[in-house]
Amino acid sequence: LKAVDFQEETACSIQLSCVNSPCLAFALIMPATLDIIPLCATLLDACSSAKTLQNLKRLHCRTIILGISHHDFIRTKLVSSYASCAQLHHANVLFSFATRQPTFLFNTLIRAHASLGLFSHSLFIFHQMLIIGKSIDRYTLPPVLKSCAGLSALRLGRQVHGIVLVNGFALDTTNSNALITMYAKCGDLVNARKVFDEMSVKNEISWSAMMAGYGMNGMFNEVFELFERMVEVGERPDGVTFTVLLTACSHGGLIERGKEYFEMIERRLGVRPGLEHYTSMVDMLGRAGQVEEAEKLILEMEVEPDEALWGALLGACRIHGKVEVAERVAEKVYEKRRGVASM
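Per the working numbering, residue 1 is the first one in the sequence shown, and the count goes up by one each step.
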């Protein structure tokens, strides 16, 4: 078997997400005569994409046996792969020993910590990045802004906004969307709207982020007005947009309007409502005391309700004293858990 043939097979397996294929088994016993560094790197990418921790650990052990775990390229791949699998302790330890710490690796760690809600550590890594004078790119700041939002650190968020401007990322849609979310979650809707209005190119995420900002601050009319404007300019709403609308209706007690938006999902998107939309509807009906209607909606769903959805209904039963419905819901949850346990 030639190295180039194996590389082609490995690349093919990755495209098909076949990280349990014979390629992986061969990689664990591959001879040192092959060009093993690119092969291991490719397989580590596969583990990262598929988030298969067991295979990642096996490959890591193999790189140690082959004496290539210290190689800069392999080490950066290991850090990135462990971070993708949410194994941040391993990722941080490997990162600390890496002689080469490129920007994308900092970005990976910042993003991984932010995605798990470890906002302070995410900001610490960013701070270390600035101290050593590491250059940033357009992928660095969105997770930093997410961390600022998670900590309601408006002052720090404004400083990061300055970094966005200085580095010329203001025209980047992803950075602008992150700024909108940061300002909105910190309660500064004036600056959130300013960023939104100054965007030369908006996508559905931009509109949904601004609408969500209004919704989380109780400005429901602004949510609906912005949605109408979104439709007027020809921007196609997505599933997240309708989740924002339904959440606003739920918190605003606007039942009929919420039902209209729910029915609009299939007409606008051409798809059936997802679990997140049903959960919003159940929450909305439950808040209004329409517990039986919420139960009926779940029973008529064409998708399998999850435990969170039943939990939302059970919470409504508790609030409104609907004992009979609560008993039926509890039975459904029990059946679901028993089914999972028997698998």
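Ideal Cβ positions, reconstructed from N, Cα and C, are used throughout, including at glycine.
Only a predicted model underlies this, so the values are computations on that prediction, with no experimental measurement involved.
With DSSP collapsed to three states, give me the class of residue i.
i	result
Pro142	helix
Gly311	helix
Phe169	coil
Thr99	coil
Val201	coil
Ala288	coil
Asn217	coil
Val233	coil
Ile136	coil
Ser186	For the record, residue 186 in the displayed sequence is Cys; it is not Ser. Coil at Cys186, not helix or strand.
Arg337	helix
Leu151	coil
Arg272	coil
Gly157	helix
Ile180	helix
Leu226	helix
Ile163	helix
Ser208	helix
Ser280	helix
Lys322	coil
Ser69	coil
Leu94	helix
Leu109	helix
Leu347	Residue 347 lies beyond the range of the chain shown here (1 to 343); nothing can be said about it.
Leu88	helix
Where residue i and residue j are concerned, what is the direct C-alpha to C-alpha distance, given to the nearest angstrom?
i	j	result
Gly162	Leu309	41 Å
Met301	Met210	30 Å
Gly218	Thr247	11 Å
Val164	Asn175	8 Å
Lys57	Tyr278	39 Å
Leu43	Ala312	41 Å
Lys2	Leu39	Reliability of the predicted coordinates at Lys2 is poor, the pLDDT of 45 falling under 50, and the value obtained from them is presented with this limitation in mind. Cα-Cα distance, rounded: 12 Å.
Pro237	Leu245	11 Å
Met199	Met216	22 Å
Tyr261	Val223	13 Å
Leu285	Val190	32 Å
Val231	Thr241	11 Å
Ala316	Lys332	16 Å
Phe371	Arg62	Lying before the first or after the last residue shown, residue 371 is absent from the chain, which here runs from 1 to 343.
Lys336	Glu307	8 Å
Gln159	Ile64	42 Å
Thr76	Ala170	29 Å
Ser69	Asp45	15 Å
Val166	Pro142	15 Å
Val329	Val144	41 Å
Ile131	Asp188	29 Å
Phe97	Ile136	21 Å
Phe220	Ser208	13 Å
Leu269	Ala288	27 Å
Met381	Gly258	Here the chain has residues from 1 to 343 only, and residue 381 is not among them.
His251	Asp283	9 Å
Keeping to the same chain, check which residues put their C-beta closer than 8 Å to that of residue i; ignore five residues upstream and five downstream.
i	result
Val271	Gly239 and Ile265
Leu116	Ala86 and Leu88
Lys202	Thr173, Phe196 and Glu235
Glu256	none
Phe95	Val79, Gln101, Leu105 and Leu109
Ser206	Thr173, Ser176, Asn177, Ile180, Phe196 and Met199
Take residue i and list the residues in its own chain whose beta-carbon comes closer than 6 Å to its own, dropping the five residues that flank it on each side.
i	result
Lys185	Ala149
Pro305	Ile298
Ser147	Ala114, Phe119, Ser122 and Leu123
Arg155	none
Ala192	Ile180, Tyr183, Ala184 and Gly213
Glu276	Thr243
Glu327	none
Leu151	Phe119
Tyr139	Asn107
Ala129	This sequence places Met at residue 129; Ala is not what is there. Around Met129: Phe106.
Keeping to the same chain, check which residues put their C-beta closer than 7 Å to that of residue i; ignore five residues upstream and five downstream.
i	result
Ala83	Ala91, Thr108, Leu109 and Ala112
Lys51	Ser84 and Cys85
Arg71	It should be noted that the sequence gives His, not Arg, for residue 71. Taken in chain order, the residues that qualify are Ile37.
Thr99	Asp72
Tyr334	none
What first and last residue would you give for the alpha helix (DSSP H) that runs through residue i?
i	result
Arg257	Ile255 to Leu269
Asp306	Where Asp306 is concerned, there is no enclosing alpha helix (DSSP H), given that its DSSP letter is neither H nor E.
Cys61	Leu53 to Ile65
Lys77	Asp72 to Ser84
Gly252	Gly239 to Gly252
Gln128	Phe119 to Ile131
Ser49	Ile36 to Ala50
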